[in-house]
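The next block holds one structure in the form of structure tokens; read it before the comments.
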Ligand code: GDD
């Protein structure tokens with residue numbers, strides 16, 4: 048597993064191990080690692096080849112990558128280098144050294160760009176990237192499809208929409224708000240919540256349901272297939288502020304921080320998960336539970 052020490056990677060490692068699977072977690076050279084962790088520089092083909100040669104995996108889950116849409120606007124080159132070149136390096140190394148391994152590429156629902164309000168993007172919906180992040184995820188996914196078609200590599204792609212739970216970087220919207228709300232509750236900062244654009248509609252799931260989806264895809268997904276991982280429910284970012292404040296039990300004044308706005312923001316992004324549902328995926332946790340988990344994480348910090 049690449050990106051094993053990231054937000055989703057840590058939950059996925061724990062879930063796979065609990066099910067009895069052997070997991071070889073690989074993380075970037077600059078990240079904190081678990082004692083048994085393997086080091087990987089995804090942008091360096093030789094580093095990726097060494098790891099694949101050393102481990103000869105039966106399956107690969109590729110989570111390593113730039114995950115922040117906001118940061119990709121500031122550093123487009125980094126998003127493309129890590130996400131596209133990194134993906135191609137991994138595919139090349141697996142093709143050459145572990146050609147029977149299944150590869151699950153983790154893309155993003157952000158690839159659809161603006162979805163018409165009221166609709167849900169299914170997998171054939173047009174891809175209209177409006178961030179370097181989205182374009183880079185399309186690039187990596189296309190490379191995966193090409194490796195499947197040209198070399199018969201068993202590549203599958205997931206397109207997760209927004210997901211929430213403990214361990215997400217406070218650069219993302221919910222942990223950012225949750226950490227501020229807990230600081231306000233402790234009296235460590237005045238009751239003013241700094242926010243960006245609250246009007247966009249997004250499709251949120253609990254990270255543990257997303258983890259279940261990835262395990263299911265590894266087991267039952269169709270090689271060459273692309274699968275949305277989403278709830279089908281749209282909610283505004285403003286509604287999350289309200290729910291978080293209510294759960295935290297604090298009243299706040301909202302202060303719009305222009306630095307939190309993006310050069311372009313997808314106004315409405317909701318997906319359709321029918322293809323994944325047909326494999327047997329059922330969401331088992333609510334967004335409210337996920338918001339509670341995130342708030343608890345920042346309770347004592
Ligand atoms: N980060 C952040 N901080 N976003 C804010 C804030 C704020 O203070 N205020 C409002 N927003 C809005 C953003 O403008 C965006 O419309 C929305 O909240 C969600 O922002 P993020 O949490 O940063 O996530 P994202 O939607 O850009 O990307 C996430 O979802 C994608 C799938 O849909 C990430 O998890 C991606 O990695 C993932 O692919």
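Numbering (the numbering used here), first residue to last: 48 to 348. Quick reminder that beta carbons are idealized off the backbone N, C-alpha and C, glycines included.
Buried/exposed call for residue i, threshold 16 Cβ in 10 Å
| i | result |
| --- | --- |
| residue 220 | buried |
| residue 308 | exposed |
| residue 146 | exposed |
| residue 267 | exposed |
| residue 340 | buried |
| residue 153 | buried |
| residue 304 | exposed |
| residue 318 | buried |
| residue 347 | exposed |
| residue 311 | exposed |
| residue 286 | exposed |
| residue 166 | exposed |
| residue 169 | exposed |
| residue 233 | exposed |
| residue 108 | buried |
| residue 327 | exposed |
| residue 160 | buried |
7 Å CB neighbourhood of residue i in its chain, flanking five on each side removed
| i | result |
| --- | --- |
| residue 142 | 194, 198 and 200 |
| residue 164 | 315 |
| residue 270 | 195, 201, 202 and 203 |
For residue j and residue i, believed in contact at Cβ under 8 Å, the rounded distance
| i | j | result |
| --- | --- | --- |
| residue 33 | residue 344 | With the chain running from 48 to 348 in the structure shown, residue 33 is simply not present. |
| residue 140 | residue 99 | 4 Å |
| residue 240 | residue 228 | 7 Å |
| residue 316 | residue 206 | Not really, about 11 Å apart at Cβ, beyond 8 Å. |
| residue 191 | residue 264 | Rounded, the Cβ-Cβ distance is 13 Å, inconsistent with contact. |
| residue 323 | residue 276 | 6 Å |
| residue 162 | residue 231 | The pair is not a contact, with the Cβ atoms about 34 Å apart (cut-off 8 Å). |
| residue 84 | residue 74 | 5 Å |
| residue 218 | residue 117 | 7 Å |
Helix, strand or coil at residue i according to DSSP, with G and I counted as helix
| i | result |
| --- | --- |
| residue 153 | strand |
| residue 169 | coil |
| residue 122 | coil |
| residue 331 | coil |
| residue 231 | helix |
| residue 177 | coil |
| residue 98 | helix |
| residue 257 | helix |
| residue 106 | strand |
| residue 58 | helix |
| residue 236 | coil |
| residue 285 | helix |
| residue 317 | coil |
Nearest neighbour of residue i, chosen from the options [CA to CA]
| i | options | result |
| --- | --- | --- |
| residue 157 | 216, 325, 169 and 180 | 180 |
| residue 211 | 52, 338, 77 and 48 | 338 |
| residue 94 | 132, 297, 186 and 269 | 132 |
| residue 281 | 314, 189, 332 and 184 | 314 |
| residue 50 | 65, 70 and 66 | 70 |
| residue 329 | 258, 117 and 288 | 258 |
| residue 119 | 326, 177 and 270 | 177 |
| residue 333 | 182, 302 and 252 | 252 |
| residue 238 | 302, 262, 271 and 107 | 302 |
| residue 306 | 109, 121 and 209 | 121 |
| residue 106 | 321, 261 and 90 | 261 |
| residue 336 | 63, 295 and 59 | 295 |
| residue 115 | 226, 297 and 183 | 183 |
Other residues of its chain near residue i: CB distance less than 8 Å, five sequence neighbours each side excluded
| i | result |
| --- | --- |
| residue 186 | 127, 130, 131 and 134 |
| residue 76 | 86, 87 and 88 |
| residue 224 | 240, 242, 287, 288 and 291 |
Cβ neighbours of residue i in the same chain (closer than 6 Å, five flanking residues each side left out)
| i | result |
| --- | --- |
| residue 222 | 215 and 341 |
| residue 204 | 152, 154, 188, 191 and 273 |
| residue 202 | 150, 191, 194 and 195 |
| residue 144 | 99 and 100 |
| residue 136 | 92 and 95 |
| residue 104 | 145 and 148 |
| residue 102 | 71 |
| residue 54 | 214 and 215 |
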